[in-house]
Amino acid sequence: MTREKFNQIYHRAVERKGGEVNLEILLTTPLNNDQLRLIPDHRWLAEFTQKVFQCGIRWQVVRNKWSAFEAAFFEFDIEKMGLMPIEMWERKAQDVTIIRDLKKVMTIPENANMIHRAALEYGSFAAMVADWPEQDIIGLWLYLKKHGCRLGGKTGAYSLRGLGKDTFLFTQDVEAYLRHTGVIDGGRDTLKSLRAAQNAFNDWQQQSGRSLTQISQIIAFSVGDNRV
Numbered sequence: 054m055t056r057e058k059f060n061q062i063y064h065r066a067v068e069r070k071g072g073e074v075n076l077e078i079l080l081t082t083p084l085n086n087d088q089l090r091l092i093p094d095h096r097w098l099a100e101f102t103q104k105v106f107q108c109g110i111r112w113q114v115v116r117n118k119w120s121a122f123e124a125a126f127f128e129f130d131i132e133k134m135g136l137m138p139i140e141m142w143e144r145k146a147q148d149v150t151i152i153r154d155l156k157k158v159m160t161i162p163e164n165a166n167m168i169h170r171a172a173l174e175y176g177s178f179a180a181m182v183a184d185w186p187e188q189d190i191i192g193l194w195l196y197l198k199k200h201g202c203r204l205g206g207k208t209g210a211y212s213l214r215g216l217g218k219d220t221f222l223f224t225q226d227v228e229a230y231l232r233h234t235g236v237i238d239g240g241r242d243t244l245k246s247l248r249a250a251q252n253a254f255n256d257w258q259q260q261s262g263r264s265l266t267q268i269s270q271i272i273a274f275s276v277g278d279n280r281v
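Counting with the numbering used here, you get residues 54 to 281 for the letters of the sequence shown.
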């Protein structure tokens, strides 16, 4: 199947949203590299942790308890995370003010270690993220999957989007569109599918001059239930 031109996708989204102005209001703009570099490393750990805990449960449940998470884990200070003994982590996992899940709690020191190692190499974790080219955003997804804990699948990508890194997402509607149009036809997280999706988004980016974030949102608004 011939890949659809971005203009076709855009015009369909415009029609579904009642006009160009209405559509554009719904789109978000990712941070630029200078803005990304200003994000402290502990905020990346916080974002990863929030997304890990949101897996499998309603997101709002985690959001409602998030201030307790921040207090329990010292605002995710990377150095402090590295100093906590296993016994302390086990006690934290029994804290009634947060969601008691030892396996998810134990992702925090592992992901703190990933962030620390990247900071040693790049100056900060944020610098690594900022410098990672959007044209290979799946490479950053795979880095998080390989070096982090429970950051594969959608979790890593949603974390990046959450803090402003330009990335497309495999939302239900975006994935359905990519399958329907033949961009991907196998497992969503296979290297073949990731590369095919990246190539398609790179092509649409060249056609439109838009960010991967907005292209992904526009695709979602052009089909299905608009899950962006």
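Just so it is clear, CB atoms sit at the ideal spot from N, CA and C, and this is done for glycine as well.
| Backbone CA spacing between A210 and F221 [nearest angstrom] | Translated into positions along the sequence shown, residue 210 becomes position 157. Translated into positions along the sequence shown, residue 221 becomes position 168. Going from the Cα of A210 to the Cα of F221 covers about 8 Å.
| query | Can F221 be considered in contact with the ligand ZN, in the sense that its beta carbon sits closer than 7 Å to one or more heavy atoms? | reply | For the structure depicted, the ligand ZN is absent and the ligand set is empty, with no information on it obtainable.
| query | Excluding sequence positions up to five away, which residues of its chain have a Cβ less than 8 Å from the Cβ of L89? | reply | Along the sequence shown, read from residue 1 onward, the residue named residue 89 stands at position 36. Excluding sequence neighbours, L89 sits near A179, V182, A183, L216, G217, K218.
| message | Measuring straight from C-alpha to C-alpha, what distance separates R116 and L265? | response | Position 63 of the sequence shown holds residue 116. Position 212 of the sequence shown holds residue 265. The alpha-carbon atoms of R116 and L265 are separated by roughly 26 Å.
| query | Roughly how many whole angstroms lie between the Cα atoms of N255 and E143? | reply | Here residue 255 is taken as the residue at index 202 of the sequence shown, counted from 1. Here residue 143 is taken as the residue at index 90 of the sequence shown, counted from 1. Distance between the alpha carbons of N255 and E143 is about 44 Å.
| field | Collapsed DSSP secondary structure at D189 in the structure displayed | value | As a position in the sequence shown, residue 189 is number 136, starting the count at 1. For D189, the three-state secondary structure derived from DSSP is helix.
| said: Does the CB of L197 have a neighbour CB from chain B at under 8 Å? | reply: Absent from the structure: chain B. Only one protein chain is present.
| task | Go through its chain and collect everything with a Cβ distance to T102's Cβ below 6 Å, but skip five positions before and after it. | result | Here residue 102 refers to the residue found at position 49 of the sequence shown. The residues are I161.
| query | Between I190 and Q251, what straight-line distance do the alpha-carbon atoms span, to the nearest angstrom? | reply | Translated into positions along the sequence shown, residue 190 becomes position 137. Translated into positions along the sequence shown, residue 251 becomes position 198. Cα to Cα, I190 sits roughly 8 Å from Q251.
| query | Under the rule that 16 or more other beta-carbon atoms within 10 Å means buried, what is S120, buried or exposed? | reply | Taking the sequence shown and counting its residues from 1, one reaches residue 120 at position 67. Exposed, since its Cβ has fewer than 16 Cβ neighbours within 10 Å.
| Roughly how many angstroms separate the alpha carbons of E140 and L155, rounded to a whole number? | To locate residue 140, count along the sequence shown from 1; it is residue 87. To locate residue 155, count along the sequence shown from 1; it is residue 102. Going by the C-alpha atoms only, they are around 11 Å apart.
| said: According to DSSP, is P162 part of a helix, a strand, or is it coil? | reply: Counted from its first residue, the sequence shown places residue 162 at position 109. Of the three classes helix, strand and coil, the one that applies to P162 here is helix, per DSSP.
| message | Using the Cβ count rule (16 or more neighbours within 10 Å means buried), how would you classify H95? | response | Counting from 1 along the sequence shown, the entry for residue 95 is found at position 42. Flag for H95 reads buried.
| field | Contact the region 260-279 vs the region 63-74: 3+ CB pairs below 8 Å | value | yes
| For W112, is the classification buried or exposed, using 16 other Cβ atoms within 10 angstroms of its Cβ as the cut-off for buried? | Here residue 112 refers to the residue found at position 59 of the sequence shown. It counts as exposed.
| Do you know whose CA, among L98, G239, I237, lies nearest G135's CA? | Position 82 of the sequence shown, counted from the first residue, corresponds to residue 135. Checking every option, the nearest Cα to that of G135 belongs to L98.
| G206 and D242 closer than 8 Å at C-beta | Taking the sequence shown and counting its residues from 1, one reaches residue 206 at position 153. Taking the sequence shown and counting its residues from 1, one reaches residue 242 at position 189. Yes, the Cβ-Cβ distance between G206 and D242 is below 8 Å.
| query | Using DSSP with H/G/I as helix, E/B as strand and the rest coil, what is G215? | reply | Within the sequence shown, the letter at position 162 stands for residue 215. Under the three-state reduction of DSSP output, G215 falls in the helix class.
| request: Look up S269 in the DSSP assignment and say whether it is helix, strand or coil. | output: Here residue 269 refers to the residue found at position 216 when the sequence shown is read from its first residue. Correct three-state label for S269: helix.
| request: Measure from the alpha carbon of G192 to the alpha carbon of each residue in N164, M159, K245, N166, then state which is nearest. | output: As a working note, residue 192 is residue 139 in the sequence shown. Measuring from the Cα of G192, the nearest candidate turns out to be K245.
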